[in-house]
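Counted from 1, the sequence shown has number 262 at position 262 by full-length UniProt numbering; the numbering is strictly sequential.
These notes concern the structure reproduced below.
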Amino acid sequence: MSRGKRILLMVIGLVIVIGLYYSISNKQTKQVEVDSFSENENIVLHNYEISGIDRLILKKEDKNIILVNGETPTIEGLPNVKLNINRLKNSFNIFANLTVNRLVEKDAEDLAKYGLHKSNVSITGIIEKQKPVIIHLGNKTMDGTSYFIRLNEDDNVYLLDANYGDYFMLDIEDFRDPTLPNIDKQLIRYLYIESKGNEPIEISYKNDSDDKKGIGLFSLTKPYNVPKEINYKVFDEIIKSIPIFSVEKYIDDKPSDLSVYGLDDPVLRLKLQSENQELDISKAVDILFGDTFDDYIYFKYADSDSVYGMRKDFAEYISNITPFDLVDKNIRMVNIKNIKKMEIGINDSIYTFNIDNAYKKDEKGEEQLKQTFYYEDKKLEDEVFRELYQLVIGISGDAEINQQDKDIIKDEVKIFYTFKDDTRETIVYTKYDELSYLHEIEDDIYFLCSTKQFELLYDKLKEITN
Numbered sequence: 001m002s003r004g005k006r007i008l009l010m011v012i013g014l015v016i017v018i019g020l021y022y023s024i025s026n027k028q029t030k031q032v033e034v035d036s037f038s039e040n041e042n043i044v045l046h047n048y049e050i051s052g053i054d055r056l057i058l059k060k061e062d063k064n065i066i067l068v069n070g071e072t073p074t075i076e077g078l079p080n081v082k083l084n085i086n087r088l089k090n091s092f093n094i095f096a097n098l099t100v101n102r103l104v105e106k107d108a109e110d111l112a113k114y115g116l117h118k119s120n121v122s123i124t125g126i127i128e129k130q131k132p133v134i135i136h137l138g139n140k141t142m143d144g145t146s147y148f149i150r151l152n153e154d155d156n157v158y159l160l161d162a163n164y165g166d167y168f169m170l171d172i173e174d175f176r177d178p179t180l181p182n183i184d185k186q187l188i189r190y191l192y193i194e195s196k197g198n199e200p201i202e203i204s205y206k207n208d209s210d211d212k213k214g215i216g217l218f219s220l221t222k223p224y225n226v227p228k229e230i231n232y233k234v235f236d237e238i239i240k241s242i243p244i245f246s247v248e249k250y251i252d253d254k255p256s257d258l259s260v261y262g263l264d265d266p267v268l269r270l271k272l273q274s275e276n277q278e279l280d281i282s283k284a285v286d287i288l289f290g291d292t293f294d295d296y297i298y299f300k301y302a303d304s305d306s307v308y309g310m311r312k313d314f315a316e317y318i319s320n321i322t323p324f325d326l327v328d329k330n331i332r333m334v335n336i337k338n339i340k341k342m343e344i345g346i347n348d349s350i351y352t353f354n355i356d357n358a359y360k361k362d363e364k365g366e367e368q369l370k371q372t373f374y375y376e377d378k379k380l381e382d383e384v385f386r387e388l389y390q391l392v393i394g395i396s397g398d399a400e401i402n403q404q405d406k407d408i409i410k411d412e413v414k415i416f417y418t419f420k421d422d423t424r425e426t427i428v429y430t431k432y433d434e435l436s437y438l439h440e441i442e443d444d445i446y447f448l449c450s451t452k453q454f455e456l457l458y459d460k461l462k463e464i465t466n
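Next up, the structure:
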């Protein structure tokens, strides 16, 4: 074939392609124009008393949802679960007062182009003393604002506002109320975390204000035998991470075997309690978490059978919290206003600091505490002693061990507090190795405290005592 013929054939082919393109484009443009036509005629197709409608049968493909009318509408065959009553009532109201935007085509011959040829989606109203009324729901318009519909066996095609039509496209889960019991996070009084393989963590609100027990509002009461102060930064992060619990996925309302969901032996148990004392309102939840699936985790309330699904991020975060994360790492925060003497023992040496607590009235006649600090009989500047005191009460743990099984160095640091009521308390630190000191916070549980903290304390003592 000559070069000229090849060029001619290519030109002819190009012309054909361009022609097809414009033909298709024009056809699509016309369809958009028809579908997007927005003249509003507000045609009332029928109007029934809502009380006269017994049931609505929502059919999608081969599935039927039967809405049963009444003072409190229900769904036939659904277990005793919480339903979205407003959504059910709206469905009956829309059906009873069926108003469309306009007539699209009278006696349409081609129902397929509207998605109305197979009637895969229909809404049948069972009405007293009347034949059933059927609404056939077709495709959405291209702009998504309306549905094509027709009534009974009539071939007239109408436009129904999508805000109404969407009610007839709902699944059974959409008619359920996804809200679940929750607490008021701002008024939390109790937190319990039990994750598989870890010791339970329990945080309780303090019911007294004894400064000797710490100045915080909460205590870490488990797993330690003696309540401990908590790390409020971590505690606040946990509280902030707690979601408003709601159903993201409905799984099983009547599970016959909880092991299917890993809920026979939960990976996490979470108990929360809030209390509004002014209104005398207390709320509590007890939630179990099981296996994960995709990005979700199975969960259920301890007092309910229903199994749900929620995003797993929160549960995974909570499961990894340890007691050491939550405990206040400061060994002992003693309020300086409560003591009259502090002694620091380093091996065989004792450094004694006395505090004179005097109350004087201010200009308003209110008593104010004035403290004077002494090293033995030497009066100290306030700032000097307070810097030392901050080093003492600021000693904190860097790690936790559950047993001490090595020969420790005999160096010891002891802090003796004498309170205003003449009670005494002793804090003991024993050198563990060159990097840390050991403090037993209770039987067989120890905090390791960095040696650097004690070196700073020694330096300050030398500065004061020399």
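Note that the Cβ used here is the ideal one computed from N, Cα and C, for glycine as well.
Measure from the alpha carbon of residue i to the alpha carbon of each residue in the options, then state which is nearest.
i      : options                        : result
ASN101 : LYS249, THR145, ASN402, TYR48  : THR145
LYS379 : ASP286, VAL104, THR465, ASN47  : THR465
GLU442 : ILE66, LYS59, PRO132, TYR429   : TYR429
ILE355 : ASP382, LYS364, GLU367         : ASP382
ALA399 : GLU434, ASN139, ASN42, PHE324  : PHE324
MET342 : ILE427, PHE148, LYS360         : ILE427
GLY165 : PHE92, SER306, SER274          : PHE92
GLU434 : GLN453, ASP155, ASP177         : GLN453
PRO178 : SER306, ILE395, ARG424, ASN347 : SER306
ILE134 : LEU116, MET142, LEU326, LEU438 : LEU116
VAL226 : GLU440, SER195, ASN276         : GLU440
ASP265 : GLY345, ILE281, GLN277, ILE287 : ILE287
TYR458 : GLU105, ILE57, TYR147, VAL413  : VAL413
LYS337 : ASP421, ILE193, TYR298         : ASP421
ILE238 : ILE395, ASP303, VAL267, ALA315 : ALA315
GLU278 : ASP295, PHE299, LEU187, ILE344 : LEU187
THR372 : ARG386, ASP362, GLU363, LYS364 : ARG386
ASN64  : VAL121, PRO73, LEU88           : VAL121
TYR359 : LYS370, ILE344, GLY216, SER349 : LYS370
Run through DSSP, which three-state label would residue i get?
i      : result
TYR48  : coil
TYR167 : helix
ASP377 : coil
THR451 : helix
TYR224 : coil
ASP382 : helix
SER219 : strand
LYS462 : helix
LEU258 : helix
LEU457 : helix
LYS233 : helix
LYS185 : helix
LEU435 : coil
ASP143 : coil
LEU388 : helix
ARG424 : strand
GLU442 : strand
ASP177 : coil
LYS240 : helix
SER38  : Confidence at SER38 is low in this model, with a pLDDT of 43, below 50, so its placement is unreliable and the value that follows should be read with caution. Reduced to three states, the DSSP call for SER38 is coil.
LYS63  : strand
Between residue i and residue j, how many whole angstroms is the CB-CB distance? I'm expecting something under 8 Å.
i           : j      : result
LEU272      : TYR190 : 7 Å
PRO79       : ASP313 : Going by Cβ atoms, the distance from PRO79 to ASP313 rounds to 29 Å, so no, they are not a contact pair.
TYR48       : ILE127 : 6 Å
LEU180      : ILE203 : Actually they do not touch by this definition, with Cβ atoms about 22 Å apart.
ASN69       : ARG55  : 6 Å
ALA284      : ILE183 : 7 Å
ILE94       : TYR167 : 6 Å
ILE242      : LEU326 : Wrong, their Cβ atoms sit about 14 Å apart, outside the cutoff.
SER319      : LEU268 : 5 Å
TYR296      : GLY290 : Between GLY290 and TYR296 the Cβ distance is about 11 Å, and since that is not below 8 Å, they are no contact.
GLY309      : ILE251 : 5 Å
residue 531 : SER396 : Nothing can be reported for residue 531, as the shown portion of the chain is limited to 1 through 466.
So who's on the other strand from residue i, going by DSSP bridges?
i      : result
GLY345 : ILE350, LYS414
ILE393 : According to DSSP, which records beta bridges pairwise, ILE393 is partnered with nothing at all.
VAL68  : ARG55, THR74
ASN276 : ILE281
VAL399 : A quick correction: the sequence has Ala, not Val, at residue 399. LEU448, per the DSSP bridge assignment.
VAL157 : GLU105
LEU369 : TYR359
PRO202 : Note that residue 202 corresponds to Glu in the displayed sequence, not to Pro. Answer by DSSP bridge pairing, in chain order: TYR192, LYS222.
GLY125 : LEU56, VAL133
LYS271 : TYR192, ASP286
PHE148 : LEU159
ILE43  : VAL100
Along the chain, which unbroken stretches of the beta strand (DSSP E) at least 3 residues long are found entirely within the stretch 83-121?
Here the runs fully enclosed are 97-100, 102-105.
Going residue by residue through the stretch 282-361, where are the continuous beta strand (DSSP E) segments of at least 3 residues, counting only ones entirely within it?
296-301, 307-311, 339-346, 349-361
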